[in-house]
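Asker: Okay, so the sequence shown: first residue is 23 according to the numbering used here, each after it adds one.
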Amino acid sequence: MIKVTNLSKHFGDNVVLRQIDLNIKEGETTVIIGPSGTGKSTLLRCLNFLEQPTSATITIDDLVVDASTATKKQITALRKKTAFVFQNYALFANKTALENITEGLIIVRGKSAEVAKQEALTILKSIGLTDKQDSYPSALSGGQQQRIGIARAMAAQSKVILFDEPTSALDPEWVGEVLTLMRRLAKQKQTMLIVTHEMQFAKEIADRVIFMDQGQIVEQGSADMIFNNPQDPRTRTFLQRVN
Ligand code: ADP
Ligand code: MG
């Protein structure tokens with residue numbers, strides 16, 4: 023359903039991603055693991071053109087975007103199909119929890135303020151944060167802020183949600199509630215691509231695990247294959263180090 027071919031990204035002389043091919047199936051949770059500095063964040067950012075890929079063809083449904091010819095209109099269409107959850111939440115500090123969710127619905131999707139509000143309230147209720155709708159981010163815990171970040175992505179009703187280490191900025195006490203929400207999305211067959219250092223969580227939630235090293239996909243397979251029977255020495259070394 024999502025097909026990426028020949029994705030490369032150079033920052034000057036630094037080749038960060040090398041001709042990556044990637045397929046993501048509808049309804050699946052794909053987890054990307056790998057050492058720091060290996061290009062995991064850059065890969066996610068290239069998928070919705072937060073970074074302009076040096077080369078890539080990205081296909082989602084009937085939308086085909088080639089990095090060398092991408093128009094503004096195509097990039098906007100691509101962004102509507104891909105929601106992003108950031109490590110540092112990236113909420114608007116001067117907007118309430120509710121407004122953080124409705125903003126994109128109104129501006130990007132062209133929904134009326136009333137419709138956007140109703141949709142946002144439905145999601146807030148489903149994640150147990152109705153009572154925080156009028157709170158500003160500074161009045162929320164890290165876990166609540168990240169759940170609002172995820173609620174914003176849910177509201178967008180994108181094809182895929184891209185998560186870049188969604189729990190790594192959190193104090194340990196807030197990690198659980200964020201992982202619980204992500205588990206729920208996986209159960210609901212929300213298509214997700216998740217970069218995480220939470221190996222236990224990855225094992226449990228992933229339909230497929232991708233191990234990346236130095237800008238390339240080294241191997242991929244079921245969680246059982248990658249964690250219990252890795253084929254490549256680089257994967258083994260990495261897993262020994264993190265376990
Ligand atoms: P990871 O998420 O796996 O830790 P990143 O994608 O953040 O890795 O970074 C991969 C490489 O790309 C690093 O060498 C990093 O310094 C470089 N890099 C990332 N973003 C930029 C940027 N905006 N400008 C220059 N170099 C960058
Ligand atoms: Mg990163």
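Glycine residues also receive a C-beta, built at the ideal position from the N, C-alpha and C atoms. All values derive from a computational prediction rather than experimental measurement.
Beta carbon of S190: closer than 6 Å to some heavy atom of the ligand MG?
Answerer: Mapped onto the sequence shown, residue 190 falls at position 168. S190 Cβ: outside cutoff for every heavy atom of the ligand MG.
Asker: Report the CB separation of T124 from A138 in whole angstroms; it is logged as a contact under 8 Å.
Answerer: Along the sequence shown, read from residue 1 onward, the residue named residue 124 stands at position 102. Along the sequence shown, read from residue 1 onward, the residue named residue 138 stands at position 116. That belief holds up - the Cβ atoms of T124 and A138 are roughly 4 Å apart, short of 8 Å.
Asker: Using a 10 Å radius around the Cβ and a threshold of 16 neighbouring Cβ atoms, would you call D186 buried or exposed?
Answerer: To locate residue 186, count along the sequence shown from 1; it is residue 164. The residue in question, D186, is buried, as its Cβ has 16 or more Cβ neighbours within 10 Å.
Asker: Please write down, chain order preserved, every residue whose beta carbon lies under 5 Å from a heavy atom of the ligand ADP.
Answerer: Output, sorted by chain position: F33, V38, S58, G59, T60, G61, K62, S63 and T64.
Asker: Would V26 and T64 qualify as a contact pair, given that the criterion is a beta-carbon distance under 7 Å?
Answerer: If you number the sequence shown from 1, residue 26 lands on position 4. If you number the sequence shown from 1, residue 64 lands on position 42. No.
Asker: Could you tell me the alpha carbon to alpha carbon distance between M214 and M23, rounded to whole angstroms?
Answerer: On the sequence shown, position 192 is the one that residue 214 refers to. On the sequence shown, position 1 is the one that residue 23 refers to. Cα to Cα, M214 sits roughly 12 Å from M23.
Asker: Since I believe I183 is in contact with A105 (beta carbons under 8 Å), could you give me their beta-carbon distance rounded to a whole number of angstroms?
Answerer: Here residue 105 is taken as the residue at index 83 of the sequence shown, counted from 1. Here residue 183 is taken as the residue at index 161 of the sequence shown, counted from 1. Correct: roughly 5 Å between the Cβ atoms.
Asker: Is it true that the segment 78-91 meets the segment 239-247, where meeting means three or more beta-carbon pairs spaced less than 8 Å apart?
Answerer: Verdict: no, contact absent.
Asker: Do you know whose CA, among G198, K181 and T60, lies nearest S163's CA?
Answerer: Within the sequence shown, numbered from 1, the residue matching residue 163 stands at position 141. Comparing Cα-Cα distances from S163 to each of G198, K181 and T60, the minimum goes to G198.
Asker: May I have the straight-line CA-CA distance separating Q238 from T152, to the nearest angstrom?
Answerer: Residue mapping note: residue 238 aligns to position 216 of the sequence shown, counting from 1. Residue mapping note: residue 152 aligns to position 130 of the sequence shown, counting from 1. Cα to Cα, Q238 sits roughly 42 Å from T152.
Asker: What separation, rounded to the nearest whole angstrom, lies between the Cα atoms of V264 and A135?
Answerer: Position 242 of the sequence shown, counting from 1, holds the residue named residue 264. Position 113 of the sequence shown, counting from 1, holds the residue named residue 135. Each residue's alpha carbon lies about 46 Å from the other.
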